[in-house]
Amino acid sequence: MNNTGLIVIFLMTSLSVARASDVESMLAGYWNDGAAEFSAERGKLLWTTTRIVDGEQRACSSCHTTNPAAPGRHIKTGKAIEPIAASANPDRLTDMAKTEKWFRRNCKWTLGRECTPQEKGDLLTWLGGQQEN
Amino acid sequence: MKKTLLILLSFMLGLTASVALLAGDDEDGENGHHEYHESEHDDDDYRGRWLRRIAGDTGAAPYPDRTKDPAFAAYRNECGDCHMAYPPDMLAKESWRELMVNLEEHFGDNAELDTDTAAEIGSFLERNGAGSMAGDQERLPARITQTRWFRAQHHEIPARMVKNNPGVKSFSRCEACHARAAEGRFNEHDVRIPGYGYRDD
Chain A
11 MNNTGLIVIF LMTSLSVARA SDVESMLAGY WNDGAAEFSA ERGKLLWTTT
61 RIVDGEQRAC SSCHTTNPAA PGRHIKTGKA IEPIAASANP DRLTDMAKTE
111 KWFRRNCKWT LGRECTPQEK GDLLTWLGGQ QEN
Chain B
133 MKKTLLILLS FMLGLTASVA LLAGDDEDGE NGHHEYHESE HDDDDYRGRW
183 LRRIAGDTGA APYPDRTKDP AFAAYRNECG DCHMAYPPDM LAKESWRELM
233 VNLEEHFGDN AELDTDTAAE IGSFLERNGA GSMAGDQERL PARITQTRWF
283 RAQHHEIPAR MVKNNPGVKS FSRCEACHAR AAEGRFNEHD VRIPGYGYRD
333 D
């Protein structure tokens, strides 16, 4: 029992360490690309702001809901989307290539352009931080 | 309650009749009707015959095992992120080619991929896409739902069961009604429309 508990604690610790380091290395990359200090507040604002793109009202929350810790639903296909917040879904934000792929696609859909390193860093800071949710 | 049942029953009867009519209409081959009855006991259903027809009846199996294809995982993971990874033989290779060069404008969504992944999935679709669409000669369907076989199979399903049905929302969600869609099985006996129950027609 004690052993199991220890193993669980160890696994959880190593998981969160892995996650933190992934997010951190992405943030370091954005910082290298010219971003300034990152702000969870700005990330949250970016997430919830609705814009008109291609004649449609679009926001991150169109598919992910306003609460990133909640499951979402693709606005067109209706397919279920796992929570995006790392607090609710430890698999999130751990794969840099995947995260970048989705930033590229979804920023273009939602903003009509790619996100800047600053915006990506702000979003990651908000989505990666559990306490801000 | 009884009234509802009656309405439902007559609706289903009407549907059965229209499906039978449709089958008769579309089966212009010599033994079309024979094929139709045979298919009632066969998982190799209506689509299988369409597929053989659009593939020019090459004698290839209608449900090849694509899971052994080296690019299957890439196809399933990338395309399956937003919607079911549709059986690639539901659309002609020409249509897939068009779609793959246009992923940035993917039916109102951005689905762009890096060059290597796009090439890998493109090769998968070349190997597994349907042959030329004999039934769609007039134009190249961009969507599976625009193909002749799909329309023939679904044209009598009203919008309230799909588009206006919160449990379905779109024809793009095969799996919402086709219980075994993930296995590539679309037999009519496995159809269950959320909020409407089984449809064995």
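Top to bottom, those sequences are chains A and B.
Under this note's numbering, the residue at position 51 of the first sequence is numbered 61, and the numbers go up by one with no gaps.
Under this note's numbering, the residue at position 6 of the second sequence is numbered 138, and the numbers go up by one with no gaps.
Beta carbons are placed, not taken as given, at the ideal position from N, Cα and C, and that holds for glycine.
Model, not experiment: these values are computed from the prediction.
Q: Can you tell me which of the three DSSP states residue 33 of chain A falls into?
A: helix
Q) Comparing the C-beta of residue 317 of chain B with each C-beta of chain A, is any distance below 7 Å? A) no
Q.
Counting only Cβ-Cβ distances shorter than 8 Å, please list the residues of the segment 286 to 306 of chain B near chain A, keeping chain order.
A. 300, 301, 302, 304 and 305
Q: Using 10 angstroms around the beta-carbon of residue 298 of chain B, count the other beta-carbons present and answer buried if the total reaches 16, otherwise exposed.
A: exposed
Q: Would you mind sorting residue 222 of chain B into buried or exposed? The rule is 16 or more other CB atoms within 10 Å of its CB.
A: buried
Q: With DSSP collapsed to three states, give me the class of residue 91 of chain A.
A: strand
Q: Return the chain-ordered list of same chain residues with a C-beta closer than 6 Å to the C-beta of residue 149 of chain B, the five sequence neighbours on each side being excluded.
A: Here residue 149 of chain B scores only 43 on pLDDT, less than 50, and its place in the model is too uncertain to base an answer on.
Q: Just grab the DSSP bridge partners of residue 323 of chain B for me.
A: B:310
Q: Give the range of the beta strand (DSSP E) segment to which residue 244 of chain B is assigned.
A: Taken as a continuous stretch (DSSP letters only), residue 244 of chain B belongs to no beta strand (DSSP E), as it is neither H nor E.
Q) Who does residue 63 of chain A pair with in a DSSP beta bridge? A) A:66
(Q) 7 Å is my cut-off, CB to CB: does residue 119 of chain A come that close to chain B? (A) yes
Q.
Taking CB distances under 7 Å as the criterion, tell me whether residue 74 of chain A reaches chain B.
A. no
Q) In terms of DSSP beta bridges, what is residue 224 of chain B paired with? A) B:262
**Q.** Proximity to residue 61 of chain A [Cα-Cα], best of A:137, A:135, A:122 and A:128
**A.** A:122
Q. Excluding the five sequence neighbours on either side, which residues of its own chain have a C-beta within less than 6 Å of the C-beta of residue 108 of chain A, listed in chain order?
A. none
Q: Identify which residue in B:233, B:241 and B:251 has its Cα closest to the Cα of residue 207 of chain B.
A: B:251
Q: In the DSSP assignment, find the unbroken alpha helix (DSSP H) run with residue 106 of chain A in it and report its ends.
A: 106 to 121
(Q) Taking the alpha carbon of residue 105 of chain A as the reference point, which residue from A:134, A:59, A:83 and A:82 has its own alpha carbon closest? (A) A:134
(Q) In whole angstroms, give me the CA-to-CA distance for residue 224 of chain B and residue 258 of chain B. (A) 9 Å
(Q) Residues of the segment 74 to 89 of chain A in Cβ contact with chain B at a cutoff of 7 Å, in chain order, please. (A) 84, 86, 87, 88 and 89
Q: Return yes when the Cβ of residue 52 of chain A is within less than 7 Å of the Cβ of residue 101 of chain A, no when it is not.
A: no
Q: Compute the beta-carbon to beta-carbon distance between residue 240 of chain B and residue 86 of chain A, rounded to the nearest angstrom, for a pair I have assumed lies under 8 Å.
A: 6 Å
**Q.** Beta carbon of residue 323 of chain B nearer than 7 Å to that of residue 310 of chain B
**A.** yes
Q) Straight-line CA distance for residue 234 of chain B to residue 249 of chain B? A) 14 Å
Q. Where do the N-terminal and C-terminal ends of the alpha helix (DSSP H) with residue 211 of chain B fall, by residue?
A. 204 to 211
Q: Assign residue 82 of chain A to one of three DSSP states: helix, strand, or coil.
A: strand
Q: With 7 Å as the threshold, decide whether the Cβ of residue 215 of chain B is near any Cβ in chain A.
A: yes
Q | Nearest residue (CA-CA) to residue 96 of chain A, options A:88, A:81, A:89 and A:118 | A | A:81
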